[in-house]
Amino acid sequence: MRPVIIDTDPGIDDAIAILFALNHPGLEVLTLTTVAGNIGLDRTTWNAGRLAAFMGRDVPVHPGAARPLRSDAINEERIHGDDGLGGVAFPAPRIPASDVGATEAMADLLDRHPERSITVLTLGPLTNLAQLITQAPQAASRIGAVVSMGGAVHEPGNVGDRAEFNIVWDAHAADIVFRAGLDLTLVPLDTTRKFRADKAYLAALRRTGQKAAIASADLIAAYQDQKNMAGHSRPLHDPCVPMLITAPGVFDVQQMNLSVDTETGAIRSGECPLKVSMGLDAEAARQVLLRGLS
Ligand code: BDR
Ligand code: CA
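Under the numbering used here, think of the first position of the sequence shown as 129, with each following residue one higher.
And the structure:
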C-alpha cells in the first residue's frame, strides 16, 4: 500500500477524492490535513472527519491554515453550499480533530516513515505544504512525491482570466511549493475540465449500490444544483489527484518549466521544472473513478 497524506478543503470534489482514496486498496491514507478554501477551516476540518466516519475509518484529521500566508481568506460557498458538502448527509466525526496542527503532523509522519515513501496529495490551497517547506525543511525533503490540483496552463482560469481557485487563494504559498525542488505533479484545469460527470454517470454510480459511489452521486448532484445547473455535466477536479497515482496511464503528464505570478495567481512559463498533467482519457478515467468508489 502506498502511504499518502491528503491535504484538503472539503469541498464537494475534495469529498469524492477522499472517498475514492479511503476506498482504494492500494492507498494507505495516513492523515487528512485541512486548510480553509472552499469554506472556512472549522468546516473543512469537520467535513474531513465526517467523510472518514462515513467510510468507518478513524483517520486522524489535523487542522492547518485558516488563511493564506499573506492575505485574507476567500471562500467558495456559492459552489459548495453553506456546509461545504452541498447539504449531503454524512455522519458526525467518530474522533475529534487533533490538537496537533497540519504542519507538525506532516513533519512527524515524514520523519517516522522511510525517506521518500510518503506521497502528499493536495486538493486545496497550498498554504500547509508551503508552511511545512519553510518551517520543517528537513521533513519536507523526505517527501516522495506531491500531486496537486491547481492552476490553469493553457485553459482559461475559473476565478479570473488565467487564475485557478487553489492557486489564487494563496499564490505566495504556491510559489514556495513550486520552487521547493519537490517531485511535484500539477493537475491543472487543462486536465480536470475534461473529466466530467453527467446524468448518465450519476445513474451509473447509483447503480453500483455501493455507499461511496451513491454518496458521490449525491455530491455531484448537489454540485450541479449549486449553480442552477441541474442535469448539466460538471468537472470533477480533485478526484483526478488520487486517480493520477493509482491509474497513471490515464493521464497525459508532460515535463514543463512553470512559475506562479504571485500578483494574479496565474501560471506562466518559468524556472520551476514540474510534471504537469495536460489531459486525460476521460472515458477511462470515469471507469477508474466508478470502480474505485464501488
Ligand atoms: C479547485 O477549487 C476548489 O473549489 C475545488 O475543490 C478544486 O480543488 C478547482 O479550481
Ligand atoms: Ca479542493
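The beta carbon of each residue, even a glycine, is placed where N, CA and C say it ideally should be. Bear in mind that the values here come from a model prediction, so they are computed numbers and not experimental data.
Distance between beta carbons of residue j and residue i, contact taken as under 8 Å
| i | j | result |
| --- | --- | --- |
| residue 169 | residue 191 | 6 Å |
| residue 231 | residue 263 | 6 Å |
| residue 344 | residue 421 | 5 Å |
| residue 222 | residue 181 | 4 Å |
| residue 196 | residue 297 | 6 Å |
| residue 319 | residue 408 | 5 Å |
Residue i and residue j closer than 7 Å at C-beta
| i | j | result |
| --- | --- | --- |
| residue 135 | residue 256 | yes |
| residue 398 | residue 405 | no |
| residue 179 | residue 369 | no |
| residue 237 | residue 301 | no |
| residue 291 | residue 393 | yes |
| residue 156 | residue 188 | no |
| residue 316 | residue 145 | no |
| residue 373 | residue 281 | no |
Same chain only: Cβ atoms within 6 Å of residue i, ignoring 5 sequence neighbours per side
| i | result |
| --- | --- |
| residue 248 | 133, 271, 274 |
| residue 311 | 273 |
| residue 313 | 275, 403 |
| residue 259 | 231 |
| residue 365 | 141, 277, 320 |
| residue 218 | 178, 182 |
| residue 305 | 254, 257, 258 |
Contact set for residue i: own chain, Cβ-Cβ below 7 Å, skip 5 residues either direction
| i | result |
| --- | --- |
| residue 413 | 323, 371, 378 |
| residue 330 | 345, 348, 349 |
| residue 140 | 208, 213, 214, 347, 350, 351 |
| residue 415 | none |
| residue 385 | 397, 398, 399, 400, 401 |
| residue 154 | 129, 130, 374 |
Residue i beta carbon near ligand 3 (any heavy atom closer than 6 Å)
| i | result |
| --- | --- |
| residue 160 | Among the ligands present in this structure, namely ligand 1 and ligand 2, ligand 3 is not found. |
Contacting residues, own chain, Cβ-Cβ under 8 Å from residue i (five flanking each side not counted)
| i | result |
| --- | --- |
| residue 186 | 180, 222, 223 |
Task: Runs of beta strand (DSSP E) wholly within the region 218 to 270 (minimum 3 residues, chain order) - done: 247 to 250
- [ ] Could I get the ranges of all uninterrupted beta strand (DSSP E) runs contained in the region 275 to 344, with 3 residues as the minimum, in chain order?
- [x] 312 to 315
Task: Those runs of the beta strand (DSSP E) which lie wholly inside the region 382 to 407 and span at least 3 residues - done: 395 to 397
Task: Any beta strand (DSSP E) of 3 or more consecutive residues that is wholly inside the region 131 to 161 - done: none
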